[in-house]
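Read through the structure below, which is laid out as structure tokens, and then see the notes.
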Amino acid sequence: MLELQDFRAARRAISDHMRLTPVFAAGIYGDKSVFPDRDHIPDLYLKLENMQISGSFKARGAMNAALALDEDKRAVGLCTASGGNHGMGVINAARVLGVPVKIFLPTNTPKPKVEKLRKQGVDVVLIGAVWDDANRAAMDHARESGMAYIHPFADPKVIAGQGTIALEMLEQQADLDTLVVAIGGGGLISGVATAAKLLRPSIRVIGVEPTGAPTLFESLKHNEVATLPSVNTAATSLAPRQSSALNVDLIGRNVDRIVLVSDDEMRDAARWLWRELGIAVELSAAAGIAAVASDRLGIENPGKVGVVICGTGSDGMA
-11 MLELQDFRAA RRAISDHMRL TPVFAAGIYG DKSVFPDRDH IPDLYLKLEN MQISGSFKAR
49 GAMNAALALD EDKRAVGLCT ASGGNHGMGV INAARVLGVP VKIFLPTNTP KPKVEKLRKQ
109 GVDVVLIGAV WDDANRAAMD HARESGMAYI HPFADPKVIA GQGTIALEML EQQADLDTLV
169 VAIGGGGLIS GVATAAKLLR PSIRVIGVEP TGAPTLFESL KHNEVATLPS VNTAATSLAP
229 RQSSALNVDL IGRNVDRIVL VSDDEMRDAA RWLWRELGIA VELSAAAGIA AVASDRLGIE
289 NPGKVGVVIC GTGSDGMA
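The following block contains the structure:
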């Protein structure tokens, strides 16, 4: 079990290498096209992790996990499998530590993310149809090469690093009533929900997945790690076919509800973020806004709602 001291230790460890990203009060003023015609639109507060080093929250967990390795292990280098953002986070950690790095990507990774990683001048391997396939290749390579494998979500150090977001949010906006967090493999929401509930047990945490990749939704429904037969979403960083027992347990304990949004709803939300607020994000980062806009939180009075805007991109600029 992760304790509050684990999240605070992670914050101390990574603070010199991360940005303190802002919490932005996003009033709904001009373009209301995305939001339903209803009397109550919640007060929205956006945690702008799209402004984080490497372009997403993933840098936090990757750095915390890398710093926790002993020097001999990390000297050989770091490797991982990624939908793109975690790969950038691991590259950033490797550069800080001055060690080699190798990134495995599935072939469904959006081309701009592949190009962004390759421009970093590191070893990038495209393999497998989905993240789960690339992950098997990364783990095999770690065993054969001696490189340290950093899991994007099923690692307590990674989860503790992601949970530092909750510590910051509840300092920056202390009266938040509800947190809305996108779910891929579950590392982000595992950390944010656990840390937030430890700080304030009454706070509500809502997870958001694509309708085409309801990995944790199905896992919690069956109270076990579910493996989807396939995934069908353009939000590829929210689309592993399987999570892990660690994440399912933490999410089951600390997340109040998981809701599903469509790709079209995420596209509309991403476009709203760009047109109304000038915030450019990938589809995955718009999942939380999509859930709020479609009135899908399942809470009659959500109060002040904090949404983690988890990664940058250009999907919302069309």
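Counting in my numbering, the sequence shown runs from -11 upward without gaps.
C-beta: ideal position from N, C-alpha, C; glycine also.
Source: prediction; values computed, not measured.
Look at the alpha carbon of residue i and the alpha carbon of residue j, and state the distance between them as a whole number of angstroms.
i, j, result
"M127", "L114", "14 Å"
"Q40", "R7", "6 Å"
"A(-3)", "D4", "13 Å"
"L226", "D283", "21 Å"
"M157", "A81", "23 Å"
"P144", "W262", "34 Å"
"R0", "D(-6)", "10 Å"
"G286", "V219", "25 Å"
"E(-9)", "A54", "20 Å"
"I277", "V196", "10 Å"
"S190", "D58", "38 Å"
"A222", "I153", "26 Å"
"M254", "D60", "43 Å"
"G65", "E132", "13 Å"
"G294", "T166", "6 Å"
"M(-11)", "D237", "10 Å"
"G291", "R62", "44 Å"
"I2", "L85", "12 Å"
"G172", "P198", "9 Å"
"L155", "D256", "30 Å"
"A183", "A279", "22 Å"
"A258", "A281", "11 Å"
"S250", "T224", "13 Å"
"K46", "N96", "19 Å"
Taking the DSSP output, what are the residues bridged to residue i?
i, result
"L93", "L114"
"A136", "L66"
"R192", "T166"
"A13", "Y33"
"I171", "DSSP output for I171 lists no bridge partner at all."
"I297", "L36"
"Q230", "T215"
"K292", "D31"
"P198", "V249"
"V269", "T300"
"S44", "G299"
Exposed or buried, what is residue i when buried is set at 16 or more other beta-carbons lying within 10 Å of its beta-carbon?
i, result
"D252", "exposed"
"Q150", "buried"
"P100", "exposed"
"G18", "Only weak support is given to the placement of G18: the predicted model assigns it a pLDDT of 49, under 50, and the value that follows is read from those uncertain coordinates. Classification of G18: exposed, given that the 10 Å Cβ count is below 16."
"P30", "buried"
"G49", "buried"
"M51", "buried"
"P10", "exposed"
"G43", "buried"
"A13", "exposed"
"N211", "exposed"
"P98", "buried"
"N123", "buried"
"G15", "exposed"
"T203", "buried"
"G75", "buried"
"N73", "buried"
When you compare the CB of residue i with every CB in chain C, is at least one pair closer than 8 Å?
i, result
"D251", "Of the protein chains in the structure, only one exists, and it is not chain C."
Is the stretch 173 to 191 touching the stretch 233 to 246, taking contact as three or more C-beta pairs under 8 Å? The stretch 173 to 191 is in contact with the stretch 233 to 246.
Mind the definition here: the stretch 224 to 239 touches the stretch 194 to 211 only if three or more C-beta pairs lie below 8 Å; say whether that holds. yes
Cβ contact (3+ pairs, closer than 8 Å) linking the stretch 134 to 153 and the stretch 100 to 117: no
Counting beta carbon pairs with one atom in the stretch 32 to 42 and one in the stretch 150 to 161, are three or more of them shorter than 8 Å? Enough Cβ pairs lie closer than 8 Å, so yes.
Does the stretch 110 to 125 touch the stretch 64 to 73, meaning 3 or more C-beta pairs lie closer than 8 Å? yes
Should the stretch 261 to 273 be called in touch with the stretch 291 to 300, which here means at least 3 C-beta pairs below 8 Å? yes
Scan the stretch 236 to 265 and note each continuous beta strand (DSSP E) run of 3 residues or more that stays entirely inside, going in chain order. 245 to 249
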